[in-house]
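A short worksheet on the structure shown next.
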Amino acid sequence: MDVVVVESPAKAKTINKYLGRNYKVLASYGHVRDLPAKDGSVRPDDDFAMSWAVDGPSSKRLTEIANAVKAADGLILATDPDREGEAISWHVLEVLKQKRALKDKPVSRVVFNAITKQSVLDAMANPRQIDAPLVDAYLARRALDYLVGFTLSPVLWRKLPGARSAGRVQSVALRLVCDRESEIERFVREEFWQVAAILDTPRREKFEARLTAFEGKKLQKLDISSKAQADDIKAMLEGASFKALSVEAKPTRRNPGPPFTTSTLQQAASSQLGFSAVRTMQVAQRLYEGMDIGGETAGLITYMRTDGVQMAPEALTEARKAIAKEFGDRYLPEKPRYYSVKAKNAQEAHEAIRPTDFSRNPAAMRKYLDADQARLYEMIWKRAIASQMQPAEIERTTVEIEAVNGGRVAGLRAVGSVVRFDGFIAAYTEHKDEDSEDEENKRLPEIRADEALTCDTILATQHTTEPPPRYSEASLIKKMEELGIGRPSTYTAILKTLEDREYVTIDKRRLVPHSKGRLLTGFLENFFEKYVEYDFTASLEEKLDEISDGKLAWKDVLRDFWKDFSASVDDIKELRVTDVLDALNEELAPLVFPAREDGSNPRICPKCGTGNLSLKLGKYGAFVGCSNYPECSYTRQLGEAANGDGESIEGENGTKALGKDPYTSEEITLRSGRFGPYIQRGEGKEAKRSSLPKGWTPDSIDHEKALALLSLPRDVGKHPESGKMISAGLGRYGPFVLHDGTYANLESIEDVFSIGLNRAVSVIAEKQSKGRGGRNGGTPAALKDLGEHPNGGGSITVRDGKYGPYVNFGKVNATLPKGKDPMSVTVEDAVALIAEKEAKGGGGRKPARGAKAATKKPAAKKSAARKPAAKKKD
Numbered sequence: 035m036d037v038v039v040v041e042s043p044a045k046a047k048t049i050n051k052y053l054g055r056n057y058k059v060l061a062s063y064g065h066v067r068d069l070p071a072k073d074g075s076v077r078p079d080d081d082f083a084m085s086w087a088v089d090g091p092s093s094k095r096l097t098e099i100a101n102a103v104k105a106a107d108g109l110i111l112a113t114d115p116d117r118e119g120e121a122i123s124w125h126v127l128e129v130l131k132q133k134r135a136l137k138d139k140p141v142s143r144v145v146f147n148a149i150t151k152q153s154v155l156d157a158m159a160n161p162r163q164i165d166a167p168l169v170d171a172y173l174a175r176r177a178l179d180y181l182v183g184f185t186l187s188p189v190l191w192r193k194l195p196g197a198r199s200a201g202r203v204q205s206v207a208l209r210l211v212c213d214r215e216s217e218i219e220r221f222v223r224e225e226f227w228q229v230a231a232i233l234d235t236p237r238r239e240k241f242e243a244r245l246t247a248f249e250g251k252k253l254q255k256l257d258i259s260s261k262a263q264a265d266d267i268k269a270m271l272e273g274a275s276f277k278a279l280s281v282e283a284k285p286t287r288r289n290p291g292p293p294f295t296t297s298t299l300q301q302a303a304s305s306q307l308g309f310s311a312v313r314t315m316q317v318a319q320r321l322y323e324g325m326d327i328g329g330e331t332a333g334l335i336t337y338m339r340t341d342g343v344q345m346a347p348e349a350l351t352e353a354r355k356a357i358a359k360e361f362g363d364r365y366l367p368e369k370p371r372y373y374s375v376k377a378k379n380a381q382e383a384h385e386a387i388r389p390t391d392f393s394r395n396p397a398a399m400r401k402y403l404d405a406d407q408a409r410l411y412e413m414i415w416k417r418a419i420a421s422q423m424q425p426a427e428i429e430r431t432t433v434e435i436e437a438v439n440g441g442r443v444a445g446l447r448a449v450g451s452v453v454r455f456d457g458f459i460a461a462y463t464e465h466k467d468e469d470s471e472d473e474e475n476k477r478l479p480e481i482r483a484d485e486a487l488t489c490d491t492i493l494a495t496q497h498t499t500e501p502p503p504r505y506s507e508a509s510l511i512k513k514m515e516e517l518g519i520g521r522p523s524t525y526t527a528i529l530k531t532l533e534d535r536e537y538v539t540i541d542k543r544r545l546v547p548h549s550k551g552r553l554l555t556g557f558l559e560n561f562f563e564k565y566v567e568y569d570f571t572a573s574l575e576e577k578l579d580e581i582s583d584g585k586l587a588w589k590d591v592l593r594d595f596w597k598d599f600s601a602s603v604d605d606i607k608e609l610r611v612t613d614v615l616d617a618l619n620e621e622l623a624p625l626v627f628p629a630r631e632d633g634s635n636p637r638i639c640p641k642c643g644t645g646n647l648s649l650k651l652g653k654y655g656a657f658v659g660c661s662n663y664p665e666c667s668y669t670r671q672l673g674e675a676a677n678g679d680g681e682s683i684e685g686e687n688g689t690k691a692l693g694k695d696p697y698t699s700e701e702i703t704l705r706s707g708r709f710g711p712y713i714q715r716g717e718g719k720e721a722k723r724s725s726l727p728k729g730w731t732p733d734s735i736d737h738e739k740a741l742a743l744l745s746l747p748r749d750v751g752k753h754p755e756s757g758k759m760i761s762a763g764l765g766r767y768g769p770f771v772l773h774d775g776t777y778a779n780l781e782s783i784e785d786v787f788s789i790g791l792n793r794a795v796s797v798i799a800e801k802q803s804k805g806r807g808g809r810n811g812g813t814p815a816a817l818k819d820l821g822e823h824p825n826g827g828g829s830i831t832v833r834d835g836k837y838g839p840y841v842n843f844g845k846v847n848a849t850l851p852k853g854k855d856p857m858s859v860t861v862e863d864a865v866a867l868i869a870e871k872e873a874k875g876g877g878g879r880k881p882a883r884g885a886k887a888a889t890k891k892p893a894a895k896k897s898a899a900r901k902p903a904a905k906k907k908d
């Protein structure tokens with residue numbers, strides 16, 4: 035028997051079915067080792083020696099793998115077919131060598147791009163050894179990321195308090211977001227006008243023509259810049275005679291795009307399905323690892339972390355058969371289509387993302403998949419099929435029109451198009467009449483050259499230029515890919531890091547840089563400019579690719595980088611904080627000193643009138659303060675505008691008075707704390723406080739709203755059956771109603787103030803029908819069902835309890851890490867949390883404080899001097 039090691043239990047379960055009894059498939063649950071988050075894990079002075087650590091859950095799983103290998107005939111490493119997968123296999127092998135579990139047993143590495151029986155069996159028949167250059171590239175990347183983070187972050191803590199950390203790639207991605215915000219702030223809107231005519235043919239058929247020239251001059255977008263100019267042109271056209279000078283019908287072809295890569299899949303899922311990048315990859319991972327399809331377990335798509343756009347020859351053959359069957363021979367080109375990537379630094383080492391079996395069309399698969407899986411699979415299937423279909427044939431008609439009024443002449447143009455043959459478009463649409471109107475089918479009426487046209491209406495519409503849009507997750511990934519920054523396996527991790535560290539926030543699916551993110555970017559651009567340059571980061575990625583190709587030695591790349599980087603850090607250590615603040619005041623002037631409505635100097639203190647405002651650094655980050663401190667106590671939050679009378683929104687002492695409570699006569703104030711703005715009544719520890727609910731901004735808070743918030747929870751009325759009071763309030767997870775220990779969420783904070791007894795009873799009843807929860811109830815309703823545990827024994831669910839969300843498996847309840855979105859939990863996350871909880875004692879009650887103290891072992895004495903760490907081999 036051979037032991038096969040893969041990353042995930044879902045993948046293990048699927049592959050185990052393919053291989054049978056002669057193999058034992060075990061999961062590593064992702065990476066088994068990592069560099070400890072402390073200084074010295076990478077040692078440049080020791081030829082970049084690296085110290086790896088294994089956490090508790092991984093240690094237990096590695097012991098299980100080692101024990102299985104000791105009793106097996108050989109070891110097969112079958113992790114994912116990319117740099118990270120190669121690294122996991124290398125880590126597992128290194129640990130097994132340390133545990134002396136291998137002895138003389140054969141070790142092989144197999145890779146497959148799809149989890150289907152044929153792909154797995156083909157891979158098993160063609161084993162290889164671990165790809166050393168690929169591992170070297172991983173080691174170089176990991177060392178670089180560690181050295182940048184652990185060398186630069188302490189500098190930030192001293193020079194820029196409030197900044198959590200900087201990263202080699204994350205800081206460059208953050209710069210993209212911040213640079214776009216600066217573009218938006220500098221943008222000056224320009225007014226322009228567009229003029230169009232609604233014309234009639236002699237056959238009384240209307241169409242629209244747009245003005246393209248006036249009095250011998252071709253018009254550009256911004257040439258009509260005033261209402262007076264637009265009105266003059268409009269008056270001229272209203273009295274003009276119109277004639278069609280020429281009518282040209284020109285056939286064109288529209289070719290399909292290539293199948294999805296990681297980046298394009300995330301972009302399409304964002305725009306069409308509203309998925310975040312993380313959600314897209316979670317759903318794609320499930321489709322890749324395998325689903326139960328009518329009693330057969332199979333992966334539905336190929337590996338989803340790729341920048342390649344080609345499909346394997348056998349896949350092209352299958353796709354062509356599916357096209358002929360689904361759409362007919364007319365939609366099948368003579369030869370297969372081949373694509374290449376335009377993105378900088380694309381490796382194209384793997385296939386594009388495609389269905390593993392084109393005969394499994396979306397309609398047939400829908401019954402086996404949940405809603406998100408079905409929608410993503412449909413996108414992938416359609417894109418891959420369309421990539422091998424005939425181009426669409428479109429007839430575009432252009433009509434040039436002349437308008438004459440006295441000696442004045444204007445030119446207009448009407449454009450229409452008709453889809454003569456839909457080609458690959460058929461993959462994206464249901465059957466439809468060729469005469470139906472859509473974006474590709476805007477038909478003009480019959481217009482003949484030299485015939486006179488009559489004017490129905492002249493339209494002059496005002497427009498303004500728009501600033502560039504903020505990045506969405508998808509468009510940022512697209513930009514990073516174009517610049518050669520990051521790789522398919524790193525995009526989602528980069529975005530998550532930026533959000534977790536509160537450098538960016540997401541508003542209406544757009545990335546908005548937080549003030550601390552802009553401060554960090556400003557600091558790096560001024561004092562570490564080279565290391566946030568796009569070209570520098572891309573060139574470093576190219577070197578990592580050359581390492582993986584065996585063209586560069588990984589330690590040579592580290593030495594070159596470290597020599598310059600460490601020197602830059604040494605230089606910056608001598609920098610004074612005042613120098614940093616002066617540079618940031620200039621770099622971030624629009625953010626630090628927003629323009630005032632009265633036009634006064636935004637850098638002069640509005641309170642004392644003589645002091646200069648400047649950035650100040652506090653324990654929790656930056657704020658704006660007066661140079662006359664302590665005589666003048668004016669402060670405001672960074673990015674916060676002063677109000678009309680020149681006072682900070684927070685007032686003199688960091689608060690804004692809203693009035694007094696009519697019952698207690700205590701002062702009610704609006705304040706800004708570490709976790710955001712909040713309302714407070716009174717002073718001291720007993721003062722009542724309430725955070726602002728989602729959607730309420732400090733500017734919108736008045737005395738009435740503050741009183742409403744402080745009045746919560748409010749009694750709605752007694753339940754008609756139990757006689758117990760129903761209350762409504764605002765809690766950790768948003769607005770709710772509560773009855774007899776059962777909490778039910780409400781849609782908005784306004785519902786808390788307006789909900790009546792009848793609706794409250796209905797909401798409570800609906801919650802109870804889904805599963806009673808709360809203090810006095812039984813098990814809370816499942817927020818998410820993750821399916822059966824890979825090792826059997828029952829299902830795993832994600833639930834929300836009194837102390838927050840948790841994973842439930844039988845009698846084991848494992849609390850989610852702080853900040854973890856319950857809906858983003860995967861089977862792998864859950865199994866790891868359950869294993870960790872079981873290792874600590876299963877999830878039963880904690881021992882009493884006295885019993886715990888009685889059983890606690892005495893602390894070991896510290897040695898007088900630390901022994902030097904044993905030197906590890908590379």
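So the sequence shown is numbered by my numbering: it starts at 35 and just counts up by one. By construction, the Cβ of each residue, glycine as well, lies at the ideal position given by its N, Cα and C atoms. Since this is a predicted model, take the numbers as computed values, not measurements.
With contact defined as three or more Cβ pairs closer than 8 Å, the segment 106 to 124 and the segment 282 to 299 are not in contact.
Taking the Cα positions, LYS51 is about 8 Å away from THR331.
A distance below 8 Å separates the beta carbons of THR246 and GLY445. The continuous stretches of alpha helix (DSSP H) do not include TRP730, and DSSP gives it neither H nor E. With a 10 Å radius around the Cβ and a threshold of 16 neighbouring Cβ atoms, THR498 comes out exposed. With a contact defined as Cβ atoms closer than 8 Å, VAL37 and ARG67 miss out at about 19 Å. Residue range 588 to 607 is occupied by the alpha helix (DSSP H) that includes SER602. Between THR295 and ALA386 the beta-carbon gap is near 6 Å, inside 8 Å, which marks them as a contact. In this structure, ILE335 keeps its C-beta atom at 8 Å or more from the C-beta atom of TYR402. By the Cβ neighbour-count rule, PRO824 is buried, with 16 or more other Cβ atoms within 10 Å of its own. Selection LEU651, SER661, ASP785 and ILE760 evaluated against LEU190 yields LEU651 as nearest (Cα-Cα). Scanning its chain for C-beta atoms nearer than 6 Å, with the 5 sequence neighbours on each side dropped, one finds no residue around ASP736. If you draw a 10 Å sphere on the C-beta of ASP598, you find fewer than 16 other C-beta atoms in it, and that means exposed.
With a contact defined as Cβ atoms closer than 8 Å, SER305 and GLU507 miss out at about 11 Å.
LEU271 and ALA231 do touch by the CB rule: their CB atoms are close to 6 Å apart, below 8 Å. Between LEU574 and GLU580, the gap from beta carbon to beta carbon reaches 8 Å or more.
Here GLN407 carries a helix assignment [DSSP, helix/strand/coil].
Linking MET759 to ARG715 through their CA atoms gives a straight-line distance of about 26 Å.
For ARG833 and PRO856, the gap between their C-alpha atoms comes out near 8 Å. TYR568 and PRO547 have their C-alpha atoms some 18 Å from each other. A straight-line Cα-Cα distance of about 15 Å links ASP79 and LEU178. Residue environment for TYR372: exposed (fewer than 16 other C-beta atoms within 10 angstroms of its C-beta). By the neighbour-count definition (other C-beta atoms within 10 Å, threshold 16), GLU41 is a buried residue. The beta carbon of GLU352 sits closer than 6 Å to those of PHE392, all from its chain and outside the five residues before and after it, given in chain order. Counting the other CB atoms within 10 Å of its CB gives ASN101 a total below 16, which places it among the exposed residues. If you look at PRO547, you'll find it in the beta strand (DSSP E) that goes 544 to 547. In the displayed model, THR390 falls within coil according to three-state DSSP, outside both helix and strand.
Around the Cβ of ASP863, a 10 Å sphere holds 16 or more other Cβ atoms; the residue is buried. For LEU493, the closest C-alpha among the options ASP266, ILE830 and GLN132 is that of ASP266. LYS722: member of the beta strand (DSSP E) spanning 722 to 725, first to last residue. For PRO628, there is no enclosing beta strand (DSSP E), since its DSSP letter is neither H nor E. In this structure, LEU746 sits away from ILE713, with a CB-CB distance that is not shorter than 8 Å.
For HIS125, the three-state secondary structure derived from DSSP is helix. Per DSSP, PHE294 lies in no alpha helix (DSSP H) segment and is marked neither H nor E. Assigned with DSSP and collapsed to three states, THR431 falls in strand. Within the same chain, VAL66, ARG67, VAL88, LEU96 and ALA100 come within 8 Å of VAL129 by CB-CB distance, once the 5 residues on both sides are set aside.
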